[in-house]
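Undergrad:
In my numbering, the protein residues as written are 797 to 954.
(1) Over the uninterrupted alpha helix (DSSP H) stretch that includes residue 872, give me the two end residues.
(2) If you follow the alpha helix (DSSP H) that residue 930 is in, where does it begin and where does it stop?
(3) Between which two residues does the beta strand (DSSP E) containing residue 915 stretch?
(4) Sort 825, 924 and 910 by Cα distance to residue 946 and report the nearest one.
(5) With residue 802 and residue 861 assumed to form a contact (beta carbons below 8 Å), what rounded beta-carbon distance in angstroms separates them?
(6) In whole angstroms, what is the alpha-carbon distance linking residue 820 and residue 874?
(7) From 857, 848, 809 and 834, pick the residue whose C-alpha is nearest to that of residue 923; which is it?
(8) Counting C-beta neighbours from all protein chains within 10 Å, is the total for residue 851 16 or more, i.e. buried, or is it exposed?
(9) How is the beta strand (DSSP E) around residue 848 delimited, first residue to last?
(10) What span of residues does the alpha helix (DSSP H) with residue 891 cover, start to end?
(11) Roughly how many whole angstroms lie between the Cα atoms of residue 797 and residue 927?
(12) Buried or exposed for residue 948, going by 16 or more other Cβ atoms inside 10 Å?
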């Protein structure tokens, strides 16, 4: 799935953080090259509209996951989370788990998970085709039930 096209169609284009390198080169360099784990992505509600700000210092697969996660927050109508300048961002585990689950479905729908298992393609090939990490691939193959359904199908075939 073309996540750029999906995000744009939903009304929040994807903006790489490096776009702001002219405004604050030292801060962007810190996030894109220095401490890449400090920021992944965020759905920013602006006036007017919204954007998904994404760390383009991450790998393609990680960016895809980050973007799908932010799209999921929007589709689930999650309220923006607060940021406390003394304590940092406050995470709601249930909301984050919900967004992670839907992000997995966006990246590898159930039908795609079945296709991967039935085709017998390698995990690496599937990761490349769907632009996901090995962890995400395994998560979706397990939670979709694709592996179990395929094993049952093979057993019935014998």
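Positions of the beta carbon are idealized from the N, C-alpha and C atoms, including for glycine.
TA: Judging by the given coordinates:
(1) Here residue 872 belongs to no alpha helix (DSSP H), and DSSP marks it neither H nor E.
(2) 930 to 939
(3) Not the beta strand (DSSP E): residue 915 falls in the alpha helix (DSSP H), residues 906 to 915.
(4) 910
(5) About 14 Å separates the two Cβ atoms, so there is no contact after all.
(6) 30 Å
(7) 857
(8) buried
(9) 846 to 850
(10) 889 to 903
(11) 9 Å
(12) Residue 948 should be labelled exposed.
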